[in-house]
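Under our numbering, residue 108 is the last one in the sequence shown; the count climbs by one each step, no gaps.
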Amino acid sequence: MLIFYVLEKDINDKAQRRGIMMHTASYVKENSGVVGRSHGCPAIDPFENETINNKLKNILFEEIKNGSLLFAYTTKANATDDNGKNYYDSSSLLKCLERQF
Numbered sequence: 008m009l010i011f012y013v014l015e016k017d018i019n020d021k022a023q024r025r026g027i028m029m030h031t032a033s034y035v036k037e038n039s040g041v042v043g044r045s046h047g048c049p050a051i052d053p054f055e056n057e058t059i060n061n062k063l064k065n066i067l068f069e070e071i072k073n074g075s076l077l078f079a080y081t082t083k084a085n086a087t088d089d090n091g092k093n094y095y096d097s098s099s100l101l102k103c104l105e106r107q108f
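Take a look at the structure:
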């Protein structure tokens, strides 16, 4: 599993406290195009593995473990939390991207 360090305060800065991490899951299959339910965690195919130094390692984890950017996106209509706050409106990153497109 990989732990996240987040970029936007008050948007996704509770990821570590909530236990959000990238992990493998048996319901994820690269060839199906379906991720399945992961309760907020990005989940990847557990069978994308190789042996490195006599240990079974996930290929994707090995490629990104020293630092990568994961961009998870939603539409403005789906960015509202249970309290009615729309995080899309608060995100400086999404506002910047919106100007580009």
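For each residue, glycine too, the CB sits at the ideal point set by N, CA and C.
Next on the checklist: Please classify N65 as buried or exposed, where buried requires at least 16 other C-beta atoms within 10 Å of its C-beta.
Outcome noted: N65 comes out buried.
Checklist entry - So L67 is in the alpha helix (DSSP H); what residue range does that whole segment cover? => result Where L67 is concerned, the enclosing alpha helix (DSSP H) starts and stops at I66 to I71.
Item to check | Segment contact, 8 Å Cβ cut-off, at least three pairs: the segment 87 to 102 with the segment 58 to 74 | outcome: No, the segment 87 to 102 is not in contact with the segment 58 to 74.
Next on the checklist: Tell me the DSSP secondary structure of A22 in three-state form.
Outcome noted: Reduced to three states, the DSSP call for A22 is coil.
Item to check | Cβ distance (whole Å) where P53 is taken to contact T31 below 8 Å | outcome: Going by Cβ atoms, the distance from P53 to T31 rounds to 3 Å, so yes, they are a contact pair.
Checklist entry - In the DSSP assignment, what residue or residues form a beta bridge with E55? => result For E55, which the question treats as bridged, DSSP gives no partner whatsoever.
Checklist entry - If you run the structure through DSSP and keep just helix, strand and coil, what is A79? => result Three-state result, A79: coil.
Checklist entry - Which word fits V13, buried or exposed, when buried means at least 16 other C-beta atoms lie within 10 angstroms of its C-beta? => result The residue is exposed, with fewer than 16 neighbouring Cβ atoms inside 10 Å.
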